[in-house]
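Residue 1 is where the sequence shown starts when you use UniProt numbering, and the numbers rise one by one after that.
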Amino acid sequence: MKKYPELSDPTIAVEYLQFSSSDRYQDSVTVTFKRLDLTYVKALGILRIIDFSNNRFQGSLPKSFGNLTALQMLNISHNNFTGPIPSELGNLVQLEELDLSCNQFSEEIPESLVFLHFLSFLDLSNNKLVGRIPLDSQFSTFSNTSFEGNTGLCGSPLSKQCADSSPPSPTFLFSESDHEPNWLFIFVELGFIVGLAIVFGSLMLWRSWRTWYFDRVDRLLGYHHS
């Protein structure tokens, strides 16, 4: 970081780093070492690249990183950051590279990161992240190497499926075969209708047969036809 030569001095043991912001061009960074606080007021809002990789930074990642809206690359890999990934990183809409690997980040991947449409490189591997990997936007273009080493993560592109990824099929009280017509029942009904049609048709068309039929009915009922 050329604007902060003190941060590149290997003789300085940085104990604490804090970003603060009042407006775009009056951001500041506070470095604490040997119990002394040094505050540098610079134009952090126009920073393009931050590389804090391979240090011993620990604690939670400051939410104020989300104020660096001109940032194009952020690399804080190989540190000991803990806690959730700040959702404010979703404000870095110009970001092209994000490397948070080899830390102790936990909880779920913020959904806000799917709005980083220019993101071409992502590495969240070897943390303690959990939950489903977002599938929207650029996230669907990254391979499993971007997420490996997080035993609690699931979903594409990892081979580990989420518990609710395949919801059970709804249970119906009837099977598909119940939608098929019952042909035996239909044939019986048709036979009954055809039989009635033949009987009543004969009664209507043939007088002698009709006379014989009613005579037989009367005899069965105990009456004699006169």
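Where a beta carbon is used, it is the ideal one built from N, C-alpha and C, also for glycine. If you're wondering where the values come from, they're calculated on a predicted model, not measured in any experiment.
- Taking 3 residues as the minimum length, the beta strand (DSSP E) runs contained wholly in the region 81 to 168 are 97 to 99, 104 to 107, 121 to 123, 128 to 132, 152 to 154, in order along the chain.
- Per DSSP, the continuous beta strand (DSSP E) segment holding Gly-59 begins and ends at 58 to 60.
- Looking from the CA of Phe-105, the closest CA among Ser-87, Met-73, Arg-48, Ala-163 belongs to Ser-87.
- Excluding residues up to 5 positions away in sequence, Leu-122 lie with their Cβ nearer than 6 Å to the Cβ of Phe-142 in the same chain.
- For Asn-55 and Ser-156, the gap between their C-alpha atoms comes out near 31 Å.
- Cβ-Cβ separation between Phe-81 and Phe-65: approximately 11 Å, too far for a contact (criterion under 8 Å).
- Taking a 10 Å sphere around the C-beta of Asp-164, we find fewer than 16 other C-beta atoms and assign the residue as exposed.
- In the DSSP assignment, no residue is bridged to Leu-71.
- Rounded to the nearest angstrom, the Cβ distance from Ser-112 to Gly-90 is 3 Å, consistent with a contact under 8 Å.
- Residues of the same chain with a CB within less than 6 Å of the CB of Leu-61, apart from the 5 flanking positions on each side, are Phe-81, Pro-86 in chain order.
- About 5 Å separates the beta carbon of Leu-47 from that of Leu-68, a gap short enough to meet the 8 Å contact definition.
- When only Cα atoms are considered, Val-114 and Asn-103 end up about 21 Å apart.
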